[in-house]
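Asker: Residue numbering for the sequence shown follows the numbering used here, starting at 777 and increasing by one per position.
For glycine and all other residues, C-beta sits at the position ideal for the given N, C-alpha and C.
Computed from a predicted structure; not experimentally measured.
Before we start, here is the structure in question, set down as structure tokens.
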Amino acid sequence: MTLSIVKFGGSAITLKDRPFTVRRKALKSMCSQVLNHVERGGKVVVVHGGGSFGHPLAMKYKLNRGLISDESYVGVALTRLAMRKLNEEVVKEFVRLGGRPYTVEPSSSFILEEGDVKEHFIEGVEEALRRGFIPVLYGDVVLDRGRRGVSILSGDAIASFLALKLKADKLIYVLDVNGIYLEDPKRVPGAKLVKFLNEDVLKRIGIAASDSDATGGLLKKIKEAFSAFRGGVKVVCFVSWRGKNLLKALDGLDFKGTMIKEA
């Protein structure tokens, strides 16, 4: 029985240029593919990003710099509230499709120090899996023992961390494009899809400015993925929700996307 950590990208489940707007078709497809795999005996932990719910607020209040003013406290509250709303949408979709989602709050599971995880309590995730649930976590603003007071813990970082700690078989990042490209496929027609990603190829990838967000953008996502791969997660890949590529990756079938491999 395999354990997979699946990260729903914020840009895949929301419209980034329209605040608080869910991409219903994409979210339904992702949840459905996860459930198809679970129904065949697989175990899955889902982590989702912030997209147009959390990122605009986090950037508006400069939460990547921590508690820098009285307004920061307002920003923390509003950003966390927005992320809960998006989490509610994800959970509701799983329920509509007959799934058994169980939200595990990141703010109660992690304490950081200068942006890095210092303490964690993930027994709730493990127990939820044992009880037959699909644990659902999300990127959030969490307490930080360092000078900042709070830090953004991205969904990408949570997914990578859980993949290592739970000794997952697979870590799958679901994107709005087919995988990792040498150039931004939304800007450059005919951009080349990278099928196998290693350290050498990583140096050649151009990270577009549009990929910058409150959590560090595409480059940070790739670095988190490499961290899990180096730590022993055998399958680390990037896929689109389209064409049932998520389900194919979960089931161990050929899929269109990008896989991390040794150089």
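(1) What is the DSSP secondary structure of tyrosine 837, reduced to helix, strand or coil?
(2) Spatial neighbours of histidine 813 within its chain, please: C-beta separation below 7 Å, excluding the five flanking residues on both sides.
(3) Since I believe valine 918 is in contact with serine 927 (beta carbons under 8 Å), could you give me their beta-carbon distance rounded to a whole number of angstroms?
(4) Give me the DSSP bridge partner(s) of leucine 969.
(5) Whose C-alpha, out of Lys836, Arg1006, Asp932, Val867, is nearest the C-alpha of valine 850?
(6) Between serine 811 and the rest of its own chain, which residues show a CB-CB distance below 6 Å, the 5 nearest in sequence each way excluded?
(7) Alanine 834 and valine 950 - do their beta-carbons sit closer together than 7 Å?
(8) Spell out the partners DSSP gives methionine 1035 in its beta bridges.
(9) Using a threshold of 7 Å, state whether the C-beta atoms of lysine 792 and glycine 825 are closer than that.
(10) Going along the chain, which unbroken runs of the alpha helix (DSSP H) with 4 or more residues stay wholly within the region 832-920?
(11) Rounded to the nearest angstrom, what separates valine 880 and phenylalanine 829 at their Cα positions?
(12) Identify the residues that DSSP records as bridge partners of lysine 941: which are they?
(13) Going by Cα to Cα distance, which pick from Pro877, Tyr878, Phe897 is closest to phenylalanine 886?
Answerer: Let me lay it out:
(1) coil
(2) Val820, Leu1023, Leu1026, Asp1027
(3) 6 Å
(4) Tyr957
(5) Lys836
(6) With the sequence shown as reference, residue 811 is identified as leucine, and serine is not the correct amino acid for it. Excluding positions up to five away in sequence, the list reads Leu873, Gly875.
(7) no
(8) Phe972, Cys1013
(9) no
(10) 846-872, 899-906
(11) 18 Å
(12) Its beta-bridge partners do not exist; DSSP assigns none.
(13) Phe897
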